[in-house]
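This note's numbering puts the first residue of the sequence shown at 2, with every later residue one more than the last.
Don't be surprised by glycine CBs; every beta carbon is placed ideally from N, CA and C.
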Amino acid sequence: MIEYVWLVAGILGVVFAMLDLKAGENKEETLKDLFLGTGFLLWYLRRDVLGSVFMLAAALVYLPEFRKKLIRWRHG
């Protein structure tokens, strides 16, 4: 059952990355969506290690944005 969730999440991630490219979004958003979608699709295809690498890459792309939000939340 969880495999279908990974399949749907992977397809949606890749679709959102394509929509970001079409809309001209910033590079970080597009990369994050693409890495997440690819990671979920690789997990669906039982490529666990490679999927985890893409998930880690998505987390590294998201990290600077998360730090900014955390600092703003802490300091009002």
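Is the stretch 3-16 touching the stretch 38-51 in the sense that three or more CB pairs, one from each, lie closer than 8 Å?
yes
According to DSSP, is E26 helix, strand or coil?
coil
Spatial distance of V50 from Y63 (CA atoms):
20 Å
Please report how far the alpha carbon of W74 lies from the alpha carbon of E30, in whole angstroms.
21 Å
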